[in-house]
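A.B. asks: Here's a structure for you.
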Ligand SMILES: [Zn+2]
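Right, here's the structure in full:
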């Protein structure tokens, strides 16, 4: 099982500000504006296997170019996990 990738602190900070991780438009889904989310999805789709798409996604998250799924929701959740294992 692959470990859940963690975005770099700069990306988290930027997501908190509400801006897209790439440009200065508003970040809507997973830290990206519509234009950049579409660009990401197009690139991801070029990888032929599910495994390669997942690896690509992981690299992009670790590079701070997109956030993991559900991440923004957790950022805004006042009861969010404090890091302890459940
Ligand atoms: Zn953008």
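Residue numbers (our numbering): 14 to 99. For glycine and all other residues, C-beta sits at the position ideal for the given N, C-alpha and C. Nothing here was measured: the structure is a model prediction, and the numbers come from that model.
If distances are taken between C-alpha atoms only, which option among 56, 62, 83 and 48 comes closest to residue 17?
C.D. replies: Walking along the chain shown from the start, residue 17 turns up at place 4. Considering only alpha carbons, the answer is 83.
A.B. asks: For the candidate residues 50, 21, 25 and 45, whose alpha-carbon lies nearest to that of residue 89?
C.D. replies: As a first step, residue 89 is located in the chain shown; it is residue number 76 there, counting from the start. Checking every option, the nearest Cα to that of residue 89 belongs to 25.
A.B. asks: What does the Cβ neighbour count give for residue 21, buried or exposed, with the cut at 16 atoms within 10 Å?
C.D. replies: Stepping through the chain shown from its first residue, residue 21 is reached at position 8. Exposed is the call here.
A.B. asks: Measuring only the C-alpha atoms, how far is residue 38 from residue 51?
C.D. replies: By one-based count along the chain shown, residue 38 stands at place 25. By one-based count along the chain shown, residue 51 stands at place 38. Between residue 38 and residue 51, the C-alpha separation is close to 14 Å.
A.B. asks: Using a threshold of 6 Å, is the CB atom of residue 35 nearer than that to any non-hydrogen atom of ligand 1?
C.D. replies: Taking the chain shown and counting its residues from 1, one reaches residue 35 at position 22. Answer for residue 35: yes, Cβ within range of ligand 1.
A.B. asks: Are there any heavy atoms of ligand 3 lying less than 6 Å away from the beta-carbon of residue 38, as far as the coordinates show?
C.D. replies: For ligand 3, the structure offers nothing, since it holds only ligand 1.
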